[in-house]
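Peer 1: This is the structure, below, for whatever I ask next.
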């Protein structure tokens, strides 16, 4: 596996640019449907993913409370902004592309009163090292747009990211 930290900054930047370009091309395709995998509950019954919100570290389906504090109109407007700003080139709502799924970010910061401010800052100024070696570059957004996007991310149903093996 490639150790990104050992690369020179210009090579890391070129690698990131290539990944972003590839992700942007892939993002143009329609979002894939949820798989029909099943899991066994603690009672031994089989359950489908559609009846649960996410999976825990052991791959078991779990219910997670929603943290949505945005109206449906606000959610739609913020999603349109995310699409316009190219967020879906590297992120999806429930699965990793280049960056983490928005639902994973919501899970990581749920209950944190500074979450929107932290995420707004990361969107506006960039961040690295939070989700691995791949940095998230600063985005071309206003502070108000960054806050709207961060609020939208936090309004996603939180899903625990899979544990690294």
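Residue numbers (our numbering): -2 to 162. We treat Cβ as the ideally placed atom computed from N, Cα and C, and that holds for glycine.
#1: In chain order, what residues of the same chain lie with their CB nearer than 7 Å to the CB of residue 6, ignoring the 5 residues before and after it?
#2: Under 8 Å by Cβ, that's how I've got residue 90 and residue 81 pegged, so tell me the actual separation to the nearest angstrom.
#3: Within a Cβ cutoff of 6 Å, which residues of the same chain sit near residue 148, ignoring the five residues on either side of it in sequence?
#4: Do you know how far the Cα of residue 3 is from the Cα of residue 150?
#5: Would you mind sorting residue 88 into buried or exposed? The rule is 16 or more other CB atoms within 10 Å of its CB.
#6: In this structure, does DSSP put residue 124 in helix, strand or coil?
#7: Given residue 121, which residues of its chain have a CB within under 7 Å of its CB, disregarding the five upstream and five downstream residues?
Peer 2: Working from what's here:
#1: Closer than 7 Å at Cβ, skipping near neighbours: no residue.
#2: Contact between residue 90 and residue 81 is absent: CB atoms are separated by about 16 Å, not below the 8 Å threshold.
#3: 113.
#4: In a straight line, the C-alpha of residue 150 is about 31 Å away from that of residue 3.
#5: Buried, by the Cβ-count rule.
#6: Of the three classes helix, strand and coil, the one that applies to residue 124 here is strand, per DSSP.
#7: If we look at residue 121 and ignore the five residues flanking it on each side, its Cβ neighbours are 135, 136, 138, 140 and 143.
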